[in-house]
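Peer 1: Which chain is which? The protein sequence lines are A and B, in order. For the first sequence, the numbering used here assigns the number 1 to the initial residue and increments by one for each residue that follows. For the second sequence, the numbering used here assigns the number 1001 to the initial residue and increments by one for each residue that follows.
There are 2 protein chains.
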Amino acid sequence: MKPPIIILFKTQLGENIGMCARAMLNCGLKQLRLVSPRDGWPNQSAKATAADADLVLENARCFETLEAAISDCHTLYATTARPRAQQIPSLPVATAVKKIQVDADGDRHHQSAVLFGPEASGLDNDAISRVDTLIHLPMNPEFNSLNLAQAVLLFGWEWLRAENESPASTDPQSHSLTASSKKELIIFLDRLESELENAGFFLTPELRPETVRKLRAIFTRASPSEQELCMLHGIVTSLKK
Amino acid sequence: MKPPIIILFKTQLGENIGMCARAMLNCGLKQLRLVSPRDGWPNQSAKATAADADLVLENARCFETLEAAISDCHTLYATTARPRAQQIPSLPVATAVKKIQVDADGDRHHQSAVLFGPEASGLDNDAISRVDTLIHLPMNPEFNSLNLAQAVLLFGWEWLRAENESPASTDPQSHSLTASSKKELIIFLDRLESELENAGFFLTPELRPETVRKLRAIFTRASPSEQELCMLHGIVTSLKK
């Protein structure tokens, strides 16, 4: 099965990147992407805490934007402890890893990724608006702040468990439409935003960012296939006329 | 349900004790015991990494020996990545947490504890000989070295999951004998060792420690009840005569 990519978003401390790499390799996850790490990349502090998971760090890819990092992915998950105002579906982690498996079994090109926010603040709303599904890690409700590497470890642990429990073959008939990549979805959303701009859709500049996030969340949640995205482009083109 | 006690054995770094306390509280575990921590107790470094899990540190109890730390416990588990020569049964972590629940449901005085070894070396054979059941954490076989707090977190996570899945009431009929406390078992084993010494059982001083460990493992694995321990004492007394 195609393992998910782990994406660390605006991580502050190199030490934490190293500890995440170690936790990933503990669970057999090897693909790490970094979005705009505060202290730059490569980072010596990361090496120091990675134990012998250097391989993961050496193969890590660093991106300036989240959009670039998820461009070739098809489904984006994020773990978050706080409830969110935006209407993004949430799954318990055990269900989420099963969905990752089913998607990969149904289409061998399907690439899932899991996004982890910065240490102190968590993911901002802009990043969250790119997320398909939130992953819920049910901890002690009175004390639920996990450090970054521990959140990565719990996700990886559940993924590994699902891998170990997974039957050798699964029914491949569940998918009939090809999932669109995030790149195609982002192109559509950027186009939509620009068309709406031209159309005078955004009443005030202040409200625009929040409105754009809500829009993104709607289409991200819909998880349109390639064919459906073509259709959506067609709709925008038609409406413009 | 009576939560298990976490016992950290000869931990080297205070930082790791703090991170373990945080991981424990994340999972609703609050009883921490320390056996002979290298840098003494209390420890400022532990406070620094515990985030807001000070409560766990403040209530932690520190002991000089493992025997004293487990004295009032009934079942002792240990997590270990390495296979062991001594014949101690091993359970997958999900099964182990269910056993902890069943024991606590069957007898509300039953106290389980989970032992975690020092950072670098893991548990020594002497400590292992006090353990009833090893807990297996199936990680990536090519890279299975977990740091201490992460091992505690994975155990706690599984315990929390079992707690959340547990039905409100369970069948209390499964236990008919009262489990002995570790104190009672240790008293018996110490007596047995001393009687064997007097009887010239140990052929050479060099081989004695290993022989004692094997003996302990046998009786620990048997997990004798209070009544059965009385019987064992009776057997020793009889044989002596």
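Just so it is clear, CB atoms sit at the ideal spot from N, CA and C, and this is done for glycine as well. Treat the numbers as computed from the prediction; the structure is a model and nothing was measured.
#1: Using CA coordinates, which residue listed in Ala-94/A, Ile-17/A and Phe-219/A is at the minimum distance from Phe-188/A?
#2: Around the C-beta of Lys-1182/B, are 16 or more other C-beta atoms found within 10 angstroms, so that it is buried, or is it exposed?
#3: Identify every residue that forms a DSSP beta bridge with Thr-1079/B.
#4: Which term fits Asn-164/A, buried or exposed, when burial requires 16 or more other beta carbons within 10 angstroms of its beta carbon?
#5: Would Arg-1118/B pass as a contact of Gln-1044/B if the rule is Cβ separation under 8 Å?
#6: Looking only at its chain, what residues have a beta carbon closer than 6 Å to the beta carbon of Met-270/A, apart from the 5 residues adjacent to it on each side?
#7: Let me check understanding here. Comparing Cα to Cα, which of Leu-1239/B, Thr-1075/B, Asn-1016/B and Leu-1153/B lies closest to Ser-1112/B?
#8: Which of helix, strand or coil does DSSP assign to Gln-194/A?
#9: Measure the Cβ-Cβ separation of Ile-17/A and Leu-29/A and say whether it is below 8 Å.
#10: Are Thr-1080/B and Phe-1155/B close, meaning C-beta to C-beta below 8 Å?
#11: So which residues on chain A does Ser-1145/B lean against when the C-beta distance must stay under 7 Å?
#12: With 8 Å set as the bound, which would you pick, yes or no: does the beta-carbon of Cys-1027/B sit closer than that to a beta-carbon of chain A?
#13: In the structure shown, what three-state DSSP assignment does Cys-1027/B receive?
#14: Output needed in chain order: residues of the stretch 1119-1140 of chain B with a Cβ under 8 Å from some Cβ in chain A.
#15: Are Ala-46/A and Leu-57/A closer than 8 Å when you measure CB to CB?
#16: Which of the three DSSP states is assigned to Pro-1209/B in this structure?
#17: At 3 residues or longer, and completely inside the stretch 6-75 of chain A: list those beta strand (DSSP E) runs for me, N to C.
#18: Return the CA-CA distance between Leu-91/A and Lys-98/A, expressed in angstroms with no decimal places.
#19: What number of angstroms, rounded off, separates the C-alpha of Ala-1050/B from the C-alpha of His-1110/B?
#20: Among Glu-184/A, Leu-66/A, Pro-205/A and Asn-59/A, which residue has its Cα nearest to the Cα of Phe-9/A?
#21: Rounded to the nearest angstrom, what separates Ile-70/A and Arg-1108/B at their Cα positions?
#22: Buried or exposed: where does Met-1019/B fall if 16 or more other Cβ atoms within 10 Å of its Cβ makes it buried?
#23: Assign Gln-1173/B to one of three DSSP states: helix, strand, or coil.
#24: Check distances from the C-beta atoms of the stretch 52-65 of chain A to those of chain B and list, in chain order, the residues that come in under 8 Å.
#25: Any beta carbon from chain A within less than 8 Å of Ala-1096/B's own beta carbon?
#26: With a threshold of 8 Å between beta-carbons, can Pro-172/A be considered close to chain B, or not?
#27: Skipping 5 residues on each side, what residues in its chain have a beta carbon closer than 7 Å to that of Asp-1054/B?
#28: Would you mind stating whether Ser-1180/B and Leu-1148/B have Cβ atoms separated by less than 8 Å?
#29: Under DSSP, the alpha helix (DSSP H) around Ser-1238/B begins and ends at which residues?
#30: Among Thr-95/A, Met-231/A and Pro-205/A, which one has its Cα closest to the Cα of Trp-159/A?
#31: Have a look at Asn-1125/B, Phe-1116/B and Asp-1126/B and flag the residue whose alpha-carbon is nearest the alpha-carbon of Leu-1137/B.
#32: Between which two residues does the alpha helix (DSSP H) containing Leu-160/A stretch?
#33: At a CB-CB cut-off below 7 Å, which residues of chain A make contact with Trp-1159/B?
#34: Within 10 angstroms of the Cβ of Arg-1216/B, are there 16 or more other Cβ atoms? Answer buried if so, exposed if not.
#35: Report the CB separation of Ser-223/A from Asp-132/A in whole angstroms; it is logged as a contact under 8 Å.
#36: Going by the beta-carbon positions, is the gap between Leu-1153/B and Ala-1023/B smaller than 8 Å?
Peer 2: On the basis of the coordinates in this document:
#1: As a first step, residue 188/A must be located in the first sequence, where it is residue number 188. That would be Phe-219/A, whose Cα lies nearest to the Cα of Phe-188/A.
#2: Indexing the second sequence from 1 puts residue 1182/B at position 182. When all chains shown are included, Lys-1182/B counts as buried.
#3: The count along the second sequence starts at 1 and reaches residue 1079/B at position 79. For Thr-1079/B, which the question treats as bridged, DSSP gives the partners Ile-1135/B.
#4: If you number the first sequence from 1, residue 164/A lands on position 164. It counts as exposed.
#5: The residue given as residue 1118/B occupies position 118 in the second sequence. The residue given as residue 1044/B occupies position 44 in the second sequence. The sequence shown places Pro at residue 1118/B, rather than the Arg named in the question. No. Outside cutoff.
#6: Examination of residue 270/A is not possible in this model, given that chain A is present from 1 through 241 alone.
#7: Here residue 1112/B refers to the residue found at position 112 when the second sequence is read from its first residue. Ranking Leu-1239/B, Thr-1075/B, Asn-1016/B and Leu-1153/B by Cα distance to Ser-1112/B puts Thr-1075/B first.
#8: The residue given as residue 194/A occupies position 194 in the first sequence. Sequence inspection shows Ser at residue 194/A; the Gln mentioned does not correspond to that position. The answer is helix: DSSP assigns Ser-194/A an H, G or I state.
#9: Numbered from 1 along the first sequence, position 17 holds the residue referred to as residue 17/A. Numbered from 1 along the first sequence, position 29 holds the residue referred to as residue 29/A. Against a cut-off of 8 Å, the Cβ pair of Leu-29/A and Ile-17/A comes out as no contact.
#10: Position 80 of the second sequence, counting from 1, holds the residue named residue 1080/B. Position 155 of the second sequence, counting from 1, holds the residue named residue 1155/B. It is not a contact, given that the beta carbons lie outside the stated cut-off.
#11: Counting from one through the second sequence, the residue named residue 1145/B turns up at place 145. Ordered by position in chain A, the residues that pass the 7 Å Cβ test against Ser-1145/B are Ala-51.
#12: Counting from 1 along the second sequence, the entry for residue 1027/B is found at position 27. Yes - at least one Cβ of chain A is within 8 Å of the one on Cys-1027/B.
#13: Within the second sequence, the letter at position 27 stands for residue 1027/B. Coil at Cys-1027/B, not helix or strand.
#14: Pro-1138, Met-1139 and Asn-1140
#15: Here residue 46/A corresponds to residue number 46 of the first sequence, with the count starting at 1. Here residue 57/A corresponds to residue number 57 of the first sequence, with the count starting at 1. Yes, Cβ-Cβ distance for Ala-46/A and Leu-57/A is below 8 Å.
#16: For this step, residue 1209/B is matched to residue 209 along the second sequence. Pro-1209/B falls in the helix class under three-state DSSP.
#17: 32-35 and 61-63
#18: Within the first sequence, residue 91/A is the residue found at index 91, counting from 1. Within the first sequence, residue 98/A is the residue found at index 98, counting from 1. Rounded to whole angstroms, the gap between the alpha carbons of Leu-91/A and Lys-98/A is 10 Å.
#19: If you number the second sequence from 1, residue 1050/B lands on position 50. If you number the second sequence from 1, residue 1110/B lands on position 110. Those two C-alpha atoms are separated by around 29 Å.
#20: Along the first sequence, one-based indexing puts residue 9/A at 9. Selected option, being the one with the closest Cα: Leu-66/A.
#21: As a first step, residue 70/A must be located in the first sequence, where it is residue number 70. As a first step, residue 1108/B must be located in the second sequence, where it is residue number 108. Taking the straight line joining both Cα atoms gives about 51 Å.
#22: As a working note, residue 1019/B is residue 19 in the second sequence. That one is buried.
#23: Counting from one through the second sequence, the residue named residue 1173/B turns up at place 173. Reliability of the predicted coordinates at Gln-1173/B is poor, the pLDDT of 37 falling under 50, and no value is obtained from them.
#24: Asp-52 and Ala-53
#25: By 1-based counting over the second sequence, the position of residue 1096/B is 96. Closer than 8 Å: no.
#26: Taking the first sequence and counting its residues from 1, the one referred to as residue 172/A is at position 172. Note that Pro-172/A has pLDDT 38, beneath the 50 cutoff, so the model's placement of it is unreliable and no number is given.
#27: Translated into the one-based positions of the second sequence, residue 1054/B becomes position 54. So the list reads Lys-1047, once near-sequence residues are dropped.
#28: Taking the first residue of the second sequence as 1, we reach residue 1180/B at position 180. Taking the first residue of the second sequence as 1, we reach residue 1148/B at position 148. No, the pair does not count as a contact, with Cβ atoms beyond the cut-off.
#29: Residue 1238/B sits at position 238 when you count from the first residue of the second sequence. Ser-1238/B: member of the alpha helix (DSSP H) spanning 1226-1240, first to last residue.
#30: Position 159 of the first sequence, counted from the first residue, corresponds to residue 159/A. Answer by Cα proximity: Thr-95/A.
#31: By one-based count along the second sequence, residue 1137/B stands at place 137. Cα-wise, what sits closest to Leu-1137/B is Phe-1116/B.
#32: Position 160 of the first sequence, counting from 1, holds the residue named residue 160/A. Element bounds for Leu-160/A: 148-165.
#33: Locating residue 1159/B in the second sequence gives position 159, where the first residue counts as 1. Simply none; closest approach about 11 Å.
#34: Looking up residue 1216/B in the second sequence gives position 216. Buried, because 16 or more other Cβ atoms sit within 10 Å of the Cβ of Arg-1216/B.
#35: For the purposes of this step, residue 223/A is taken as residue 223 along the first sequence, with counting starting at 1. For the purposes of this step, residue 132/A is taken as residue 132 along the first sequence, with counting starting at 1. Ser-223/A to Asp-132/A, Cβ: 6 Å. Contact.
#36: Stepping through the second sequence from its first residue, residue 1153/B is reached at position 153. Stepping through the second sequence from its first residue, residue 1023/B is reached at position 23. Taking 8 Å as the Cβ cut-off, Leu-1153/B and Ala-1023/B qualify as a contacting pair.
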